[in-house]
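Colleague: Read top to bottom, the protein sequences are chains B and D.
Quick note: the first sequence uses my numbering, first residue 28, plus one each step.
Quick note: the second sequence uses my numbering, first residue 96, plus one each step.
Sharing a structure here in structure tokens format.
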Amino acid sequence: MAVMTYREALNEALREEMERDPDVFLMGEEVAEYDGAYKVSKGLLEEFGEQRIVDSPISELGFTGLGVGAAMAGLRPVIEFMTFNFAFLAIDQVINSAAKMYYMSEGQFPMPIVFRGPTGAALQLSAQHSQACETYYSHAPGCKVVTPGTPADAKGLLKAAIRDNDPVAFMEGESLYNFKGEVPDDDDFVIPLGVADLKHEGGDVSIITHGKMIHVALQAAQKLEKDGIHADVLDLRTIRPLDMDAILETVKKTNRAVYLEEGWPYAGTGAQIVSMIQEEAFDHLDAPIIRVTQADVPMPYAKNLEILAKPSANHVIEAVNKVLYR
Amino acid sequence: MAETKTKAKKSSRKKSDALAEHGISEELALELMRDMLLYRRFEEKAEEGYAIGKIGGFCHLHIGQEAGAAGSIKPLRDDDYVMSAYREHTQALAKGVHPNAVMAELYGRKDGSSGGKGGSMHIFDADCRFMGGHGIVGGQVPLATGIAWKIKYRGEETVSLVFMGDAAVNQGGFHEALNMAAVWNLPAIYVVENNEYGMGTAFSRVSRTDMSTKAVPYGIPSHTVDGQDVLACYAFFRDLADKVRHGAGPQFVDLQTYRFRGHSMSDPVSGTYRSVEEVRQAKEERDPIALLRDTLMEAGVLDQETLEEMDAEARQVSLDAADFAEASPPPGPEALYANVWAEINPNGRLFFDGRPESEEAS
Numbered sequence: 028m029a030v031m032t033y034r035e036a037l038n039e040a041l042r043e044e045m046e047r048d049p050d051v052f053l054m055g056e057e058v059a060e061y062d063g064a065y066k067v068s069k070g071l072l073e074e075f076g077e078q079r080i081v082d083s084p085i086s087e088l089g090f091t092g093l094g095v096g097a098a099m100a101g102l103r104p105v106i107e108f109m110t111f112n113f114a115f116l117a118i119d120q121v122i123n124s125a126a127k128m129y130y131m132s133e134g135q136f137p138m139p140i141v142f143r144g145p146t147g148a149a150l151q152l153s154a155q156h157s158q159a160c161e162t163y164y165s166h167a168p169g170c171k172v173v174t175p176g177t178p179a180d181a182k183g184l185l186k187a188a189i190r191d192n193d194p195v196a197f198m199e200g201e202s203l204y205n206f207k208g209e210v211p212d213d214d215d216f217v218i219p220l221g222v223a224d225l226k227h228e229g230g231d232v233s234i235i236t237h238g239k240m241i242h243v244a245l246q247a248a249q250k251l252e253k254d255g256i257h258a259d260v261l262d263l264r265t266i267r268p269l270d271m272d273a274i275l276e277t278v279k280k281t282n283r284a285v286y287l288e289e290g291w292p293y294a295g296t297g298a299q300i301v302s303m304i305q306e307e308a309f310d311h312l313d314a315p316i317i318r319v320t321q322a323d324v325p326m327p328y329a330k331n332l333e334i335l336a337k338p339s340a341n342h343v344i345e346a347v348n349k350v351l352y353r
Numbered sequence: 096m097a098e099t100k101t102k103a104k105k106s107s108r109k110k111s112d113a114l115a116e117h118g119i120s121e122e123l124a125l126e127l128m129r130d131m132l133l134y135r136r137f138e139e140k141a142e143e144g145y146a147i148g149k150i151g152g153f154c155h156l157h158i159g160q161e162a163g164a165a166g167s168i169k170p171l172r173d174d175d176y177v178m179s180a181y182r183e184h185t186q187a188l189a190k191g192v193h194p195n196a197v198m199a200e201l202y203g204r205k206d207g208s209s210g211g212k213g214g215s216m217h218i219f220d221a222d223c224r225f226m227g228g229h230g231i232v233g234g235q236v237p238l239a240t241g242i243a244w245k246i247k248y249r250g251e252e253t254v255s256l257v258f259m260g261d262a263a264v265n266q267g268g269f270h271e272a273l274n275m276a277a278v279w280n281l282p283a284i285y286v287v288e289n290n291e292y293g294m295g296t297a298f299s300r301v302s303r304t305d306m307s308t309k310a311v312p313y314g315i316p317s318h319t320v321d322g323q324d325v326l327a328c329y330a331f332f333r334d335l336a337d338k339v340r341h342g343a344g345p346q347f348v349d350l351q352t353y354r355f356r357g358h359s360m361s362d363p364v365s366g367t368y369r370s371v372e373e374v375r376q377a378k379e380e381r382d383p384i385a386l387l388r389d390t391l392m393e394a395g396v397l398d399q400e401t402l403e404e405m406d407a408e409a410r411q412v413s414l415d416a417a418d419f420a421e422a423s424p425p426p427g428p429e430a431l432y433a434n435v436w437a438e439i440n441p442n443g444r445l446f447f448d449g450r451p452e453s454e455e456a457s
């Protein structure tokens, strides 16, 4: 095991996949000469040259569509969004072109493309730069959604995403890039899409979550331990495909669940998961499932208000207490 | 339809010189005539299919614009790429997609070019390098730029030619794509089929500048071509494609044409936005098939009998296509879940509607 940052893990995954397959290229704003707005692509220009590490103009719709066209013609593009906040300009090309191309051409044009970049809030970036975007993508059949929360998951899942033959929205955590963790040394460490990971084992209650919220969930689980409550923390890792077996397993074990996500509640990922649990494990539930989300407001700038808006370990603990009727 | 019999306006230029001027052989000129007749008869058959309820949804006909399809696609190589918007039936035919497969797609049948799942707006044929069939105005322009990117990335000597309507140049994606194509010197040919109207809105009502200026800010050469003159189109695109495949970089073409039918099948021929007289005059003076007929007849390359034979053949191919489509079964229910995903991951769920089929779909 090597200890590295989330950023370094992503960088290694990109480097290894680009070495492995000459059809893989990285395009986005500031990815080449600037080394990436978050330095994820550091050193790659030097190693792979400007044909494969490509600085784009600030034209999200344009370079996203360019990537989709390149994928139609047989390349395997990795399109970087400086953040997914800016990807709203490009969502037509992701949903209308990438996600539907294989279906509307009856399988003639596979779409091996990765759209990656940070999603969610960092610190005091206010409304337009602080939002979790995964449900916009998971809504559409034809688009896979991956949300790694640790360096190991970031590396293993990015490699899987690049090798996958469908479009993948690969959503990183802006505040995770400096987060350190152990990453297996294997030459070819790949984590298959669709496999959740039990990040903390308890048995009294299931906290189910994805992306950088796993750290909030783990913090809550540790505090709950002191109070004699043992929580399962299930990290979905990928939203689509979704490891429903793992969800059902933890819920059937604990009979109580909380869904934690960084995004807004309406039609959020949690809404989907809660619906499926009640449909498929109704008799195993001892309490209604509660969702913990961002406050249902645009993100405010003021520090105190931002803290109030974000889902926190305390919110999770409150929710756990409710489902335990404590 | 009467265009094989009507008289076209006399041109001042001596018509017999036209073939020599454009470097087009008599055989090729006759082939272009054959192609355009097929496109015309095919679209009329589609119109008929729509009228009797065999074709549903949106259906945008290319009648009046045939020279643009034949004149720009026929000079290309088989391994060149062509992409279009949603008025693309005849362009697919020009790129080699079989009329049966196109008509069956319009009918929503299993043997259609997209298995009946794309319809009129989404004709695809990977083998012919016909890259769709795209339904969002201007959405295909960045895609075709990506195909040009791949050509350059792999060092190939092909071109990516993309059609759009005149309204598409007001979309942001058009400008973003042209800028990137210029910056990276990509082998892309952007062809505006300028039929003067975006649906019912005249281009002059939504742009203060002329079409020929639209690519200028990006440093892309701009060309204006008479899209009703198939010989001029053919010669122009033959030379242009040759330059582009040898590094000339992206090109912009204002292909001036006119639509003889409504925007789609729900729009009457002239509609509320253009006069009956305007359409009548365009049909009389700018019918690409009549123009070529007159040129070839005056040059002694074509006689009435041969023309009628060619037309009968075009009608027969279109009729055969309709018969083929009619005989093709609708896609089976198993097709509903097929080809949503190119890769079904062994782990996790990809379908969320809870239907039993979803677990078995591949």
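Idealized CB from N, CA, C, for every residue including glycine.
Please look up how many angstroms separate the CB atoms of Arg42 of chain B and Val67 of chain B, rounded, as I've assumed it's under 8 Å.
Modeller: Incorrect: roughly 11 Å between the Cβ atoms, too far for contact.
Colleague: What are the partner residues of Ser233 of chain B, as DSSP defines its beta bridges?
Modeller: When DSSP reads this structure, Ser233 of chain B sits in a beta bridge with B:Asp259, B:Ala284.
Colleague: Tell me, to the nearest whole angstrom, how far the beta carbon of Asn440 of chain D is from that of Gly134 of chain B; I am working on the premise that it is less than 8 Å.
Modeller: Contact flag wrong, Cβ pair sits at about 17 Å.
Colleague: Helix, strand or coil for Tyr292 of chain D? Go by DSSP, reduced to three states.
Modeller: strand
Colleague: Is DSSP giving Ser179 of chain D helix, strand or coil here?
Modeller: DSSP, read as helix, strand or coil, puts Ser179 of chain D in strand.
Colleague: Are Ala283 of chain D and Ile242 of chain D close, meaning C-beta to C-beta below 9 Å?
Modeller: yes
Colleague: Taking 9 Å as the cut-off, decide whether the C-beta atoms of Pro425 of chain D and Lys205 of chain D are in contact.
Modeller: Annotated as proximal: Pro425 of chain D and Lys205 of chain D, with beta-carbon spacing under 9 Å.
Colleague: Check whether the Cβ atoms of Val95 of chain B and Ala125 of chain B sit closer than 9 Å, and answer yes or no.
Modeller: yes
Colleague: Which residues, in chain order, does the region 251–285 of chain B contribute to contact with chain D at a C-beta distance below 7 Å?
Modeller: Thr265, Arg267, Pro268, Leu269, Asp270, Met271
Colleague: Which complete beta strand (DSSP E) runs does the region 246–289 of chain D hold, if anything under 3 residues is left out?
Modeller: 255–260, 283–289
Colleague: Between His311 of chain B and the rest of its own chain, which residues show a CB-CB distance below 7 Å, the 5 nearest in sequence each way excluded?
Modeller: Closer than 7 Å at Cβ, skipping near neighbours: Val278, Lys279, Asn282.
Colleague: Along chain D, in chain order, which residues have C-beta atoms closer than 7 Å to that of Asn123 of chain B?
Modeller: Ile231, Gly234
Colleague: Measuring straight from C-alpha to C-alpha, what distance separates Leu387 of chain D and Cys328 of chain D?
Modeller: 12 Å
Colleague: I want to verify the contact list: residues of chain B whose CB lies under 8 Å from the CB of Pro441 of chain D, in sequence order.
Modeller: Listed by position along chain B, the residues whose Cβ is nearer than 8 Å to that of Pro441 of chain D are Pro219, Gly221.
Colleague: At a Cβ cut of 7 Å, what residues of the region 247–259 of chain D count as close to chain B, listed as they run along the chain?
Modeller: Tyr248
Colleague: Closest to Gln411 of chain D by CA distance: which of D:Thr304, D:Arg129, D:His341 is it?
Modeller: D:Arg129
Colleague: DSSP beta-bridge partners for Val51 of chain B?
Modeller: B:Arg103
Colleague: Based on DSSP bridge pairs, tell me the residues matched to Phe197 of chain B.
Modeller: Phe197 of chain B is bridged by DSSP to B:Arg143, B:Val173.
Colleague: From which residue to which residue does the beta strand (DSSP E) around Thr352 of chain D run?
Modeller: From DSSP, Thr352 of chain D is part of no beta strand (DSSP E); its letter is neither H nor E.
Colleague: Among B:Glu60, B:Tyr65, B:Ser83, which has the Cα closest to the Cα of Leu72 of chain B?
Modeller: B:Glu60
Colleague: Can you confirm whether Asp220 of chain D, when its beta carbon is compared against all beta carbons of chain B, has any partner nearer than 9 Å?
Modeller: At least one chain B Cβ lies under 9 Å of Asp220 of chain D.
Colleague: So for Glu161 of chain B, helix, strand or coil by DSSP?
Modeller: Reduced to three states, the DSSP call for Glu161 of chain B is helix.
Colleague: Is Phe52 of chain B close to chain D, meaning its C-beta is less than 9 Å from at least one C-beta of that chain?
Modeller: yes
Colleague: State the Cα-Cα distance for the pair Met128 of chain B and His229 of chain D, rounded to the nearest angstrom.
Modeller: Note on geometry: alpha-carbon atoms of Met128 of chain B and His229 of chain D lie some 10 Å from one another.
Colleague: What is the residue span of the alpha helix (DSSP H) that Met226 of chain D lies within?
Modeller: Here Met226 of chain D belongs to no alpha helix (DSSP H); instead the beta strand (DSSP E) covers 225–228.
Colleague: Just checking, does the region 292–312 of chain D make contact with the region 350–370 of chain D on the three C-beta pairs under 8 Å criterion?
Modeller: Per the Cβ contact rule, the region 292–312 of chain D is in contact with the region 350–370 of chain D (3 or more Cβ pairs under 8 Å).
Colleague: Just the Cα atoms here: how many angstroms apart are Gly211 of chain D and Gly227 of chain D?
Modeller: 14 Å
Colleague: Can you name the start and end residues of the alpha helix (DSSP H) that His3 of chain B belongs to?
Modeller: The shown model of chain B, from 28 to 353, leaves out residue 3 of chain B, and the question about it has no answer.
Colleague: If you follow the alpha helix (DSSP H) that Ala29 of chain B is in, where does it begin and where does it stop?
Modeller: Here Ala29 of chain B belongs to no alpha helix (DSSP H); instead the beta strand (DSSP E) covers 29–32.
Colleague: Can a CB atom of chain D be found closer than 9 Å to the CB of Leu88 of chain B?
Modeller: yes
Colleague: Alpha carbon to alpha carbon, what distance is there between Asp313 of chain B and Ala362 of chain B?
Modeller: This structure gives no information on residue 362 of chain B, because the portion of chain B shown stretches from 28 to 353.
Colleague: Based on DSSP bridge pairs, tell me the residues matched to Thr319 of chain D.
Modeller: D:Asp349
Colleague: Alpha carbon to alpha carbon, how far is Ser299 of chain D from Met306 of chain D?
Modeller: If you take the alpha carbons of Ser299 of chain D and Met306 of chain D, they lie about 9 Å apart.
Colleague: Quick one: list the residues of chain B neighbouring Ile242 of chain D, beta-carbon separation under 8 Å, in chain order.
Modeller: Residues of chain B whose Cβ lies closer than 8 Å to the Cβ of Ile242 of chain D are, in chain order, Gly96, Ala97, Met99, Ala100.
Colleague: Assign Glu200 of chain D to buried or exposed, taking buried as 16 or more other Cβ atoms, counted over all protein chains shown, within 10 Å of its Cβ.
Modeller: buried
Colleague: According to DSSP, which residues form a beta bridge with Ile13 of chain B?
Modeller: Any answer about residue 13 of chain B is impossible in this case: the structure gives chain B only from 28 up to 353.
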